[in-house]
Structures are given as structure tokens and as C-alpha cells.
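Input: a single structure, listed below in C-alpha cells.
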Amino acid sequence: MSLETAGGHTRDHPVTVNGHTNTVAAEEISFEELLALAFTPVPASLGWVFTVTYRGGPAGQPEGSLAPGSTVKVRDWMAFHVTKSHSSAG
């Protein structure tokens, strides 16, 4: 879902992910899209646990966390922090 201005142009949103500036051309961003922005490539082996938190979000959700499969509306200069940790069985 892209935002369009009155002229029909897509509106890009600058955001930071782990301190690096990225551009998002969508109204919302997903947990999975944020993983892709944070890690290249996204670790695919079993045992990785990811955490996504944000601040500077929209009214009603100015800060919070995302779970797999969830999204948040994007605002200019939102800050996302994406971490990974390896959990061992046992």
C-alpha cells in the first residue's frame, strides 16, 4: 500500500532501522519487512528469535513492539530497533 500525494506520486517516509536511515514507500511496514531492512540476509536457521520495537509512531501508538505478522503505520523519522538472539533448546 503506497501513499500517494494529490499529484498521484508515491510519498516516501524516511525511517531509521538500527540507526541507519532507510526510505519506506508505504503506509504501513511489517515485522518481516523490518527484519529484511535490519539484516541482509535475514538469518533463516532454526533457533533465532527476533524483537522489533519502535518509537515516534502514529498517535495512539507512539511506541511499541511488533510481533511476527503484524504491521504499524509509518510516520516520517520513526525509529525501529531490530534485534536477534539465538535460543538453544534444552
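For the sequence shown, full-length UniProt numbering assigns the number 1 to the initial residue and increments by one for each residue that follows. Beta carbons are placed, not taken as given, at the ideal position from N, Cα and C, and that holds for glycine. Only a predicted model underlies this, so the values are computations on that prediction, with no experimental measurement involved.
Item: Just to confirm, are Val74 and Val17 a CB contact at a threshold of 9 Å?; Value: no
Item: How is the alpha helix (DSSP H) around Phe31 delimited, first residue to last?; Value: 31 to 38
Item: Determine the direct distance from the alpha carbon of Phe80 to that of Gly47, and round the result to whole angstroms.; Value: 22 Å
Item: For the 8 Å Cβ check, are there 3 or more pairs between the segment 18 to 28 and the segment 51 to 70?; Value: no
Item: Can you tell me which of Val82, Val24, Asn22 puts its alpha carbon nearest to the alpha carbon of Leu35?; Value: Val82
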